[in-house]
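If you want our numbering, it's the 1-based position in the sequence shown plus 205.
All residues carry an ideal CB built from backbone N, CA and C; glycine is no exception.
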Amino acid sequence: MDKLPLKLRVFEYLSQADHPVTTQEVMDAIKDEYAGERQMNYHRMDDYMQALLGVNMIREANVEYNEKGELQVHYEVTDFGKSRIKYIPKKH
Numbered sequence: 206m207d208k209l210p211l212k213l214r215v216f217e218y219l220s221q222a223d224h225p226v227t228t229q230e231v232m233d234a235i236k237d238e239y240a241g242e243r244q245m246n247y248h249r250m251d252d253y254m255q256a257l258l259g260v261n262m263i264r265e266a267n268v269e270y271n272e273k274g275e276l277q278v279h280y281e282v283t284d285f286g287k288s289r290i291k292y293i294p295k296k297h
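This is the structure we're talking about:
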């Protein structure tokens, strides 16, 4: 079975989430699908989130500090992003 490109899979996961999610949550959810791929790292995933944010597919829903004192951003799909979900292939 063919996989979606990782950036599309990130967007698909965000569109299916029932609450705003962090970059780490997305990584944890899809890591088994992309195991062994060099692009499956926090820095690259954050780049993908920023790219989706930059084209208004997602937005920052909440920003807070985690228990380690690190800034944590929660993302959700925008209305514009929701209108583009139909372009993600159903079979993959």
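- In the assembly as shown, TYR253 is a buried residue. Its beta-carbon has 16 or more other beta-carbons within 10 Å.
- For ILE263, the enclosing beta strand (DSSP E) stretches over residues 263–270.
- About 6 Å separates the Cβ atoms of TYR280 and LEU219, confirming a contact at the 8 Å cut-off.
- Membership of GLU281 in the beta strand (DSSP E) is indicated by the continuous run 276–282.
- In the three-state reduction of the DSSP assignment, VAL215 falls in the helix class.
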